[in-house]
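Chemist: Just passing along the structure, written as C-alpha cells.
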Amino acid sequence: MKLQRHLSQALQFSTIILAAIDYTNPLSRKSQNISPQSTGREGHPGYNNIPWGPGGSIHRRQLDVPPNQTLDFDEWVEEFIQHLKSYIHDTYFDWFRFEEDSSQLQEDITYVNKNFQRNLAETELRTKMHFADNMLDFMCLATQELNTYNYSQSPTYDLLHRMIEINVRIFSLYNSFGNIDTWVSDYEDKVVGFGRSFACWPNISPSLIRM
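Numbers in this note's numbering are just positions in the sequence shown, counted from 1, shifted up by 838.
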C-alpha cells in the first residue's frame, strides 16, 4: 500500500506538471522539430541502418529481417522502446543525446505507422506501438521544455529542470505495454524515490507550484 501511494502521488503530478508549464509559458511550444537534421546513430553501439523501401531507413539492433511478419514487427517495436529507454538513466534524462536523435526517431516511427498498418491490426502490437508513440511524444515535449528553461538562470528554473527530467525518468518503470513493471531492478526504491521527490516540491518552491 505504501509503495502504491508513492507511485500514485508521483504519477498524479507527472500527468499535470508539463501541461502546467506549457500553459504558463507561451514560448515553450514550438511548431518546428526540436532539433536540426539528425546525424544518425552510427556512433551508438548495437545499431544498424536497415533500408525499408524508398526514403525509409529504420535503425535496429542487429536485426537483419525486415518486419514483414508479426514476430519480426513485435521485435522491432520492443527494440524501439528499449532504445528510447536508453536515454533514461537512474539519476537523469540524457536529453542532449536524445535531441540529436529525435528527428530520426520521429521519422522511423512515422514511417512504420504509415506503411505497416496491417501489422498494427494485431491488438498487442497496437498497444505497444501506442505506448512507443506516447513515450516518444512526451520525451520530445520534455526536451522542448528543457531547452526553454535555462536552469542556470534561477533556482526555480533549476527545479523545473529536475521536475521535467523526473517525469521522463518515470517511464523506466513501465513495460512495453505501458503498464507498471514491478520486475524493474530496484523497483521499490525507485518508486519511493519518485514519490518523495514529488512530495517535497511544494516545500522547496511554493511559488513554482502556484504557477
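Where a beta carbon is used, it is the ideal one built from N, C-alpha and C, also for glycine.
(1) Quick check on the DSSP output: the alpha helix (DSSP H) that includes Gln982 runs from which residue to which?
(2) Evaluate Ile980 with the Cβ neighbour count: other Cβ atoms within 10 Å of its Cβ, from every protein chain shown; 16 or more gives buried, anything less gives exposed.
(3) From Cys978 to Ser1023, what distance separates their C-alpha atoms?
(4) May I ask you to report which of helix, strand or coil DSSP gives Leu901?
(5) Pick out whichever of Ile947, Gln920, Asp932 has its Cα sitting closest to the Cα of Asn1005.
(6) Roughly how many angstroms lie between the CA atoms of Arg1007 and Val950, to the nearest whole one?
(7) Tell me which residue opens and which closes the alpha helix (DSSP H) that Leu1011 is part of.
(8) My understanding is that Phe1009 touches Lys966, with C-beta atoms under 8 angstroms, so please give their C-beta distance in whole angstroms.
(9) Which value, in whole angstroms, describes the spacing of the CA atoms of Leu997 and Glu937?
(10) Which class does Phe954 belong to by DSSP, given the choice of helix, strand or coil?
(11) If you count every other CB in all the chains shown that lies within 10 Å of the CB of Phe934, and 16 or more means buried, which is it?
(12) Nearest to Asn985 by alpha carbon, out of Tyr1012, His999, Trp1021?
Modeler: Judging by the given coordinates:
(1) Here residue 982 corresponds to residue number 144 of the sequence shown, with the count starting at 1. Its alpha helix (DSSP H) spans residues 961-986.
(2) Counted from its first residue, the sequence shown places residue 980 at position 142. Here residue 980 turns out to be Ala, not Ile, going by the sequence shown. Buried is the call here.
(3) Position 140 of the sequence shown, counted from the first residue, corresponds to residue 978. Position 185 of the sequence shown, counted from the first residue, corresponds to residue 1023. Distance from the CA atom of Cys978 to the CA atom of Ser1023, rounded to whole angstroms, is 26 angstroms.
(4) Indexing the sequence shown from 1 puts residue 901 at position 63. Note that Leu901 has pLDDT 38, beneath the 50 cutoff, so the model's placement of it is unreliable and the number below is only indicative. The answer is coil: DSSP assigns Leu901 none of H, G, I, E or B.
(5) Start at 1 with the first residue of the sequence shown, and residue 1005 comes out as number 167. When only C-alpha atoms are compared, the closest one is Asp932.
(6) Reading the sequence shown from its first residue, position 169 is the one you call residue 1007. Reading the sequence shown from its first residue, position 112 is the one you call residue 950. If I take the Cα positions, the gap works out to 25 angstroms.
(7) Looking up residue 1011 in the sequence shown gives position 173. Note, Leu1011: premise wrong, no alpha helix (DSSP H); not H, not E.
(8) Within the sequence shown, the letter at position 171 stands for residue 1009. Within the sequence shown, the letter at position 128 stands for residue 966. Not a contact, Cβ separation roughly 14 angstroms.
(9) Taking the first residue of the sequence shown as 1, we reach residue 997 at position 159. Taking the first residue of the sequence shown as 1, we reach residue 937 at position 99. Going by the C-alpha atoms only, they are around 21 angstroms apart.
(10) Along the sequence shown, read from residue 1 onward, the residue named residue 954 stands at position 116. Residue state, collapsed to three classes: coil.
(11) Residue mapping note: residue 934 aligns to position 96 of the sequence shown, counting from 1. Exposed, since its Cβ has fewer than 16 Cβ neighbours within 10 Å.
(12) For this step, residue 985 is matched to residue 147 along the sequence shown. If we check each option's Cα against that of Asn985, His999 comes out closest.
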